[in-house]
Amino acid sequence: MSQAAVYGLLFAAIVLEVIGTTALQLSQQFTRIGPTVLVVACYAAAFYCLSLTLKSIPVGIAYAIWSALGIVLISSVGLVFFKQRLDLPAVVGLGLIITGVMVVNLFSKSVSH
Numbered sequence: 001m002s003q004a005a006v007y008g009l010l011f012a013a014i015v016l017e018v019i020g021t022t023a024l025q026l027s028q029q030f031t032r033i034g035p036t037v038l039v040v041a042c043y044a045a046a047f048y049c050l051s052l053t054l055k056s057i058p059v060g061i062a063y064a065i066w067s068a069l070g071i072v073l074i075s076s077v078g079l080v081f082f083k084q085r086l087d088l089p090a091v092v093g094l095g096l097i098i099t100g101v102m103v104v105n106l107f108s109k110s111v112s113h
């Protein structure tokens, strides 16, 4: 599988996880059936996609990318759709997370390119 396909699967896993987490908020503690079903389906699909990426990307690197981009994306969803505000320390922290993922991907010998 090409590197582009592997990273495409990883990105799909991240997006599915963010959709699932958004549905988790909408499920109101699993009391609404539609969002609850979406949570389960998206999480299952996300972990399946993640498992496929682990054939080519070390688990630590894949999980670092997964968690970092997931945090940034779900924070953005919270900001836009749930009107959850981010203060300056939160924005700085998110910037540091993005920077950390970039450093790992650009400079680490653990990532196969």
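Per full-length UniProt numbering, residue 1 is the first one in the sequence shown, and the count goes up by one each step. Every residue gets a Cβ at the ideal spot worked out from N, C-alpha and C, and that includes glycine.
With 16 other Cβ atoms within 10 Å as the buried cut-off, status of residue i
i   : result
G20 : buried
V92 : exposed
S27 : buried
T31 : exposed
L50 : buried
T53 : buried
Element boundaries [alpha helix (DSSP H), containing residue i]
i   : result
I14 : Q3 to L26
I61 : V59 to F81
L54 : From DSSP, L54 is part of no alpha helix (DSSP H); its letter is neither H nor E.
T99 : L88 to F107
Residue closest to residue i, alpha-carbon to alpha-carbon, out of the options
i    : options                 : result
F82  : I74, L96 and G8         : I74
I71  : V80, A4, V6 and I14     : I14
F47  : L88, Y63, S110 and M102 : Y63
A5   : K55, F107 and L88       : K55
N105 : R85, L69, V77 and D87   : L69
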